[in-house]
Amino acid sequence: MRKPIIGGNWKMNKGTPSEATEMLKKLIPLVKEINSVDIVIVPPFTALYSTIECVQNTNIMVGAQNMYFEEKGAFTGETSPLFLKELGCKFVILGHSERRDIFKETNELVNKKLKKALSLGLNTIVCIGEHLEERETGRTKEIIENQFSNTFKDLNNEEMSKVVIAYEPIWAIGTGKTATPEQAEEIHVFIRELLTKNYNKKTADIVRIQYGGSIKPKNAEDIFKKENIDGGLVGGASLQADSLYEVIKAAETSIK
Ligand code: 13P
3 MRKPIIGGNW
13 KMNKGTPSEA
23 TEMLKKLIPL
33 VKEINSVDIV
43 IVPPFTALYS
53 TIECVQNTNI
63 MVGAQNMYFE
73 EKGAFTGETS
83 PLFLKELGCK
93 FVILGHSERR
103 DIFKETNELV
113 NKKLKKALSL
123 GLNTIVCIGE
133 HLEERETGRT
143 KEIIENQFSN
153 TFKDLNNEEM
163 SKVVIAYEPI
173 WAIGTGKTAT
183 PEQAEEIHVF
193 IRELLTKNYN
203 KKTADIVRIQ
213 YGGSIKPKNA
223 EDIFKKENID
233 GGLVGGASLQ
243 ADSLYEVIKA
253 AETSIK
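If you read the sequence shown in my numbering, its first letter stands for residue 3, the second for the next number, and so on.
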């Protein structure tokens with residue numbers, strides 16, 4: 003009932019137009035028959051324009067890795083959501099753990115960005131997830147609930163149902179250490195319960211929750227098969243067309 007969504011978050015890689023298009027030219031023919039999975043490529047800002055041009059008339063959508071909550075003005079170094087829309091971006095990632103940890107983005111800031119994106123009709127992938135120390139001290143659900151309530155503060159059901167949530171346990175990002183399908187599913191179920199509690203059952207059924215953290219072709223299918231996991235946000239394995247294609251195929255074969 004929920005269409006799986008695979009995001010390829012390139013982070014600060016393949017940021018030149020030639021690097022981006024070289025990868026995309028391999029990916030486009032591989033995925034051209036896949037219609038049951040949403041595919042979103044999220045390159046650095048410097049490769050957005052060439053990526054959008056390259057995927058025109060294909061089944062690949064494009065997202066940005068961040069945005070600011072203001073539309074224009076004296077905000078040196080920031081990117082307006084209006085620029086992203088005009089360019090042809092369909093998605094924006096908000097609150098990635100690297101933005102939260104390295105660039106000190108707070109739940110409050112992510113909430114402002116989210117409300118702005120929603121008001122402009124930009125689709126969002128909003129990331130939440132716990133640190134290793136938080137997991138090891140048994141605080142995962144407490145952390146997730148806190149991020150959930152502050153990041154999604156003051157959203158109504160209609161707004162919330164448009165959000166894609168990415169559950170990315172920080173200890174699994176770029177470490178090669180994936181959450182087991184059971185560990186991931188446990189938190190996805192918990193997030194869906196939070197959706198039911200804070201919104202309504204319909205919203206909880208609609209919202210897609212992706213898993214992110216060292217997804218690879220070899221582990222993707224077991225993770226995506228879980229009932230509450232609606233695809234993934236992929237870092238390292240999204241940089242090569244072959245491995246991203248295999249992850250997308252895993253999402254297609256795991257459709258519930
Ligand atoms: P990796 O797949 O490289 O662990 O990155 C996950 C991630 O942060 C996607 O946003």
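Yeah, the Cβ is synthetic: ideal placement off N, Cα and C, and Gly gets one too.
Heavy atom of the ligand 13P within 7 Å of residue i beta-carbon
{"i": "residue 237", "result": "yes"}
{"i": "residue 97", "result": "no"}
{"i": "residue 170", "result": "yes"}
{"i": "residue 208", "result": "no"}
{"i": "residue 11", "result": "yes"}
{"i": "residue 163", "result": "no"}
{"i": "residue 79", "result": "no"}
{"i": "residue 216", "result": "yes"}
{"i": "residue 175", "result": "yes"}
Where residue i sits in the DSSP three-state scheme
{"i": "residue 162", "result": "helix"}
{"i": "residue 197", "result": "helix"}
{"i": "residue 25", "result": "helix"}
{"i": "residue 33", "result": "helix"}
{"i": "residue 209", "result": "coil"}
{"i": "residue 265", "result": "The structure shown does not extend to residue 265, since the chain is modelled only from 3 through 258, so no value can be given for it."}
{"i": "residue 71", "result": "coil"}
{"i": "residue 139", "result": "coil"}
{"i": "residue 93", "result": "strand"}
{"i": "residue 236", "result": "strand"}
{"i": "residue 153", "result": "helix"}
{"i": "residue 231", "result": "coil"}
{"i": "residue 39", "result": "coil"}
{"i": "residue 249", "result": "helix"}
{"i": "residue 180", "result": "coil"}
{"i": "residue 53", "result": "helix"}
{"i": "residue 127", "result": "strand"}
{"i": "residue 113", "result": "helix"}
{"i": "residue 76", "result": "coil"}
{"i": "residue 59", "result": "coil"}
{"i": "residue 11", "result": "strand"}
{"i": "residue 257", "result": "coil"}
CB contact flag (residue i, residue j, <8 Å)
{"i": "residue 2", "j": "residue 232", "result": "The structure shown does not extend to residue 2, since the chain is modelled only from 3 to 258, so the question has no answer here."}
{"i": "residue 219", "j": "residue 248", "result": "yes"}
{"i": "residue 167", "j": "residue 128", "result": "yes"}
{"i": "residue 84", "j": "residue 51", "result": "no"}
{"i": "residue 76", "j": "residue 47", "result": "no"}
{"i": "residue 10", "j": "residue 44", "result": "yes"}
{"i": "residue 38", "j": "residue 175", "result": "no"}
{"i": "residue 53", "j": "residue 64", "result": "yes"}
{"i": "residue 243", "j": "residue 28", "result": "yes"}
{"i": "residue 8", "j": "residue 210", "result": "no"}
{"i": "residue 296", "j": "residue 130", "result": "Here the chain comprises residues numbered 3 to 258, so residue 296 is not present and cannot be evaluated."}
{"i": "residue 119", "j": "residue 126", "result": "yes"}
{"i": "residue 178", "j": "residue 151", "result": "no"}
{"i": "residue 56", "j": "residue 26", "result": "yes"}
{"i": "residue 163", "j": "residue 104", "result": "no"}
Expected contact under 8 Å - CB spacing of residue i and residue j to nearest Å
{"i": "residue 30", "j": "residue 62", "result": "7 Å"}
{"i": "residue 241", "j": "residue 15", "result": "6 Å"}
{"i": "residue 41", "j": "residue 172", "result": "Not confirmed; about 25 Å, so no contact."}
{"i": "residue 230", "j": "residue 190", "result": "4 Å"}
{"i": "residue 214", "j": "residue 170", "result": "4 Å"}
{"i": "residue 226", "j": "residue 253", "result": "5 Å"}
{"i": "residue 343", "j": "residue 154", "result": "Not covered by the structure: residue 343. The range shown for the chain is 3 to 258."}
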